[in-house]
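So the structure is just underneath, and the comments pick up after that.
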Amino acid sequence: GAAETVDHTAGDVATAVRAMHPGGVDAVLDLVGGRAAVNQLRPVVRDGGNIVSIAGGVDRHLPAERGIDAANVRMRVTTARLEEVAALVASGGLRLHLSGVVPLERAGDAVAQSRAGHVRGKLVITVS
3 GAAETVDHTA GDVATAVRAM HPGGVDAVLD LVGGRAAVNQ LRPVVRDGGN
53 IVSIAGGVDR HLPAERGIDA ANVRMRVTTA RLEEVAALVA SGGLRLHLSG
103 VVPLERAGDA VAQSRAGHVR GKLVITVS
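Quick note on our numbering: the sequence shown kicks off at 3 and runs consecutively.
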C-alpha cells in the first residue's frame, strides 16, 4: 500500500505534496490525470527527477527542464496479454475492486459518475 496519499478533492495536489515533501519528490507517476495533472505536478519534482504518464500527460515537445526525465508509456493490448490478465484474476493473483455492473442502457450515467469521481474501482458495462 501507499505510505502517503493525497485527496485530490480536498485542495491543490501540488501544494499538498510540497507540504509533505518540501524538497520535492523523486518522481511523479500519472495514471489518470493526463497533461493537466503532469503540468500541475511538474514543479514538485526534484531536479534530475522523473515523470511518467500512462495517460499521455507528458508533452514531448517541451525541452527537459531541471534535468527532469519525462516520458509517456503506452501498452499495446494483445489477446495473449488479456489472457494472461484473465488467468491472474481467476487464480487470485490479481484482485480487482468491482464498483458496479450496469446494462448498456445506463452506460452514459455510469461514465458520468466515473468522470465526476464518484466511482471507486472498475465498472462493468453489460450488453444483452
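From the three backbone atoms N, C-alpha and C, an ideal C-beta is built for every residue, glycine too. Nothing here was measured: the structure is a model prediction, and the numbers come from that model.
Annotation for THR81: the continuous alpha helix (DSSP H) segment containing it runs 81-93.
For VAL15, there is no enclosing beta strand (DSSP E); the residue is part of the alpha helix (DSSP H) that begins and ends at 15-22.
If you look at ALA114, you'll find it in the alpha helix (DSSP H) that goes 109-117.
Collapsing the DSSP output to three states places VAL8 in coil. By the criterion of at least three beta-carbon pairs nearer than 8 Å, the region 54-69 is not in contact with the region 82-89. DSSP places GLY102 inside the beta strand (DSSP E), whose first and last residues are 100-105. Under the three-state reduction of DSSP output, ALA29 falls in the strand class.
Across the structure, ALA112 and GLY94 are spaced so that their CA atoms are roughly 27 Å apart. Your pair ILE53 and VAL47 checks out as a contact, with CB atoms roughly 6 Å apart and the cut at 8 Å. Proximity to ALA5 across VAL19, ALA92, GLU107 and ALA72 peaks at VAL19, based on C-alpha coordinates. A distance of 8 Å or more separates the beta carbons of LEU125 and VAL91. ALA72 has its alpha-carbon roughly 22 Å from the corresponding atom of THR7.
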